[in-house]
Amino acid sequence: MIVVNRERAAVIRTPHGSEIRPLVDRTTSEIELCSLAEEVLPAGAAVGRHHHLETEEVYYLLEGRGRMTVAGETREVASGDAIFIPRGTTHTLENTGDAPLRLLLVCGPAYSREDHRMEG
258 MIVVNRERAA
268 VIRTPHGSEI
278 RPLVDRTTSE
288 IELCSLAEEV
298 LPAGAAVGRH
308 HHLETEEVYY
318 LLEGRGRMTV
328 AGETREVASG
338 DAIFIPRGTT
348 HTLENTGDAP
358 LRLLLVCGPA
368 YSREDHRMEG
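Residue numbers (this note's numbering): 258 to 377.
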């Protein structure tokens with residue numbers, strides 16, 4: 258059994274100011290088919306436009322609100338919303354609130370840096 262508590266998880270600081278905590282992924286276990294991480298996106302910050310060649314994602318918003326763009330479609334999102342991002346699809350998330358936006362990142366297959374492609 259593998260148990261990873263968010264308070265003891267590694268923290269990855271991104272160029273856009275987020276903190277990502279890998280919970281169950283290739284760095285914490287032998288998992289290959291899916292992964293789970295938590296991201297905290299500061300107020301006013303935005304995830305850089307990117308896509309994944311092989312990975313499908315679900316963003317699940319725990320706290321806060323923002324503006325999600327997937328394949329050119331933009332919608333307002335808030336805590337309780339789950340957003341499906343098909344593989345190969347450009348996407349970004351902007352925190353439009355006054356507080357940090359906290360979300361879970363679910364990937365299948367498990368997230369790998371090699372599959373992450375930044376855009377413009």
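All residues carry an ideal CB built from backbone N, CA and C; glycine is no exception.
Heavy atom of the ligand MN within 8 Å of residue i beta-carbon
{"i": "Arg332", "result": "Looking at this structure, you won't find the ligand MN or any other ligand, since it has none at all."}
Under 9 Å between C-beta atoms of residue i and residue j
{"i": "Leu290", "j": "Leu318", "result": "no"}
{"i": "Ser292", "j": "Val304", "result": "no"}
{"i": "Thr353", "j": "Arg322", "result": "yes"}
{"i": "Thr312", "j": "Asp372", "result": "yes"}
Of the residues the options, the one placed nearest residue i, counting alpha carbons only
{"i": "Ala367", "options": "Thr326, Phe341, Glu314, Thr353", "result": "Glu314"}
{"i": "Ser275", "options": "Glu295, Met258, Arg263, Thr284", "result": "Glu295"}
{"i": "Thr349", "options": "Ala335, Glu287, Thr326", "result": "Thr326"}
{"i": "Ala335", "options": "Tyr316, Thr346, Thr347", "result": "Tyr316"}
For residue j and residue i, the rounded distance between their alpha carbons
{"i": "Arg344", "j": "Ile259", "result": "28 Å"}
{"i": "Arg270", "j": "Arg278", "result": "9 Å"}
Extent of the continuous beta strand (DSSP E) run through residue i
{"i": "Pro279", "result": "276-281"}
{"i": "Met375", "result": "373-375"}
Cut-off 6 Å between Cβ atoms - residues of its own chain near residue i, not counting five sequence neighbours on either side
{"i": "Leu358", "result": "Leu298, Gly321, Gly323, Asn352"}
{"i": "Asp338", "result": "Leu318"}
Beta-carbon proximity list for residue i, same chain, < 7 Å, skipping 5 on both sides
{"i": "Ile288", "result": "Val281, Asp282, Ala367"}
{"i": "Gly377", "result": "Arg306"}
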